[in-house]
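Asker: Handing you a structure now.
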Amino acid sequence: MPDRSAIALPPEGRRSWLADAVRDGGARIVPVRKADGLVWTDPNDPDGLASLLDANPQIDWIQLPWAGIEPYVHIITAHAERTWTCAKGVYAEPVAEHALALALAGLRHLGPFAGARGWGRQAGTNLLGARVTILGGGGITESLLRLLGPFACDVTVVRRIPAPMPGANRVVGESDIDDALRGAQLVVLALALTPATTGVLDRRRLELLDPAGWVVNVARGGHIVTDDLVAVLAAGRIGGAALDVTDPEPLPDGHPLWAEARCIITPHTGNTPEMAVPLLRARVRENVRRRLADEPLLGPVDPEAGY
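All residue numbers for the sequence shown refer to our numbering, where the first residue is -19 and numbers rise by one.
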């Protein structure tokens, strides 16, 4: 009989707050060879996780600490018989808040104003009543829709499986993405990076936006074809782009986007460690509790979908 109260933390994951979360959920921290569950925290060692799982077939559940799991998808697929959970939805609130901040900063021309050394000319457009398209229908979008409520935007959500979402005027499938982008004054990327969504915004699609439209990316840099974005901005075909993620990342010094006045770049700060720790602690604690109570776990990973 599996011992669901036996949880392993690899050495790099043995932070006091994470260990406390496991214990607060009702489990014990044990050596890997005695564990039924594993909380894995290393973002850069998929091979290490694969080796650990190969050597410990008794491990039945793995909790990952990120919402985006691209480096680990092939490991998850190879071990699809195990139960996998990630941090889907954990960081939705701070990331949605950052998306709103970037949208307002872009539309209100705050980037150039912040760096100005003289009065200059007036510029800026409203978010109030704007036509907004959000790519992705997960937790970030759920939170962002609530935050957009007071602005009375006309919001279209594009997601893999169309289903009504509170706060959205319409929800459409991926086959309708071009129509959803056409004339949009604000486009927010909040979707998982998969082979199907890599490069989803290329030059052709960027040029479907309203000429004053802004793109906000709080998902993954690979969703946008960077060279195409540079070209579209240089040609003045869109209003601008606000990027919390880039491709490549970090964006190299001297890259053309750094010199682009209509591009706002933040260094992947939609969710900082200070924001993440209490949120992840709560998720780990709750999933440990649910596992012991034989309740559905939060943030299940779909190996076929890749997130």
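All C-beta atoms in this analysis are idealised placements derived from N, C-alpha and C, irrespective of residue type, glycine included.
#1: Determine contact between the segment 228 to 239 and the segment 203 to 217, defined as no fewer than three beta-carbon pairs at a distance below 8 angstroms.
#2: Please name the residue, chosen from P230, H89, V19, H248, that lies closest to W194 on a Cα-to-Cα basis.
#3: Helix, strand or coil for P267 per DSSP?
#4: Can you name, in chain order, every residue of its own chain whose Cβ lies under 7 angstroms from the Cβ of A(-1), other than the five neighbours on each side?
#5: Looking only at C-alpha atoms, which of D227, A103, N36, V257 sits nearest to D182?
#6: Quick one: using the 10 Å Cβ neighbour count with 16 as the cut-off for buried, is P45 buried or exposed?
#7: Secondary structure at T206, three-state DSSP: helix, strand or coil?
#8: Exposed or buried, what is R200 when buried is set at 16 or more other beta-carbons lying within 10 Å of its beta-carbon?
#9: According to DSSP, simplified to helix, strand and coil, what is G86?
#10: Which residues share a DSSP beta bridge with A(-12)?
#11: By a C-beta neighbour count over all protein chains shown, 10 Å radius and 16 as the cutoff for buried, is G104 buried or exposed?
#12: Just to confirm the assignment: which complete alpha helix (DSSP H) runs, minimum length 4, are found wholly within the segment 111 to 187?
#13: Using a Cβ-Cβ cut-off of 7 angstroms (strictly less than) and excluding sequence neighbours within five positions of R139, which residues of its own chain qualify?
Answerer: Concretely, from the data shown:
#1: yes
#2: H89
#3: It should be pointed out that residue 267 corresponds to Asn in this sequence rather than to Pro. The answer is helix: DSSP assigns N267 an H, G or I state.
#4: L(-11), I9
#5: D227
#6: buried
#7: helix
#8: buried
#9: helix
#10: L18
#11: exposed
#12: As far as the segment 111 to 187 is concerned, its whole alpha helix (DSSP H) runs of at least 4 residues are 119 to 128, 157 to 161, 183 to 186.
#13: The residues are G116, G117, V151.
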